[in-house]
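*Asks:* Take a look at the following structure, please.
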Amino acid sequence: MLQENRESRVAPRQSSSFRLLQEALEAEERGGTPAFLPSSLSPQTSLSPSRALATPPKLHTCEKCSTSIANQAVRIQEGRYRHPSCYTCADCGLNLKMRGHFWVGDELYCEKHARQRYAAPTTLSSRA
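If you're matching positions, the sequence shown starts at 1 in full-length UniProt numbering and goes up one per residue.
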């Protein structure tokens with residue numbers, strides 16, 4: 001069964017923020033001063049458009065190759081980042097992305113080479 005379009009006698013309900021915005025726009029069109037708008041609805045004018053475009057986003061620097069990281073960065077520690085391709089074992093070059101890393105001194109190693117670094121030192125043969 002089809003329903004006919006009937007004019008409703010009640011005006012549609014609007015949110016208060018939409019109503020404030022609509023009243024401000026209508027007042028501006030009539031040449032009057034716009035009504036007060038809460039700061040959450042007011043446009044932000046703290047930065048001029050030319051200045052906002054002039055400040056590029058902060059890029060991280062890869063600690064291994066010392067170049068800027070434009071896309072994806074691996075965060076090793078607070079303030080220390082690497083490219084995904086630079087996130088490798090210092091010994092074998094194995095990518096540590098799915099394996100995790102181990103610190104030995106100030107270098108990153110895979111589990112195998114970290115264990116070798118921490119292995120007990122070999123005993124020296126005694127001199128008789």
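Backbone N, C-alpha and C fix where the C-beta goes; we use that ideal spot for every residue, glycine too.
So residue 138 is in the beta strand (DSSP E); what residue range does that whole segment cover?
*Replies:* A question about residue 138 goes unanswered here, because the residues of the chain that appear run from 1 up to 128.
*Asks:* According to DSSP, is residue 87 helix, strand or coil?
*Replies:* coil
*Asks:* What is the DSSP secondary structure of residue 101, reduced to helix, strand or coil?
*Replies:* coil
*Asks:* According to DSSP, is residue 107 helix, strand or coil?
*Replies:* strand
*Asks:* Alpha carbon to alpha carbon, how far is residue 89 from residue 80? Give it in angstroms, no decimals.
*Replies:* 16 angstroms
*Asks:* Compute the Euclidean distance between the alpha carbons of residue 87 and residue 57, then round it to the nearest angstrom.
*Replies:* Rounded to whole angstroms, the gap between the alpha carbons of residue 87 and residue 57 is 23 angstroms.
*Asks:* Which stretch, first to last residue, makes up the alpha helix (DSSP H) that contains residue 13?
*Replies:* First-last for residue 13: undefined, no H or E at that position.
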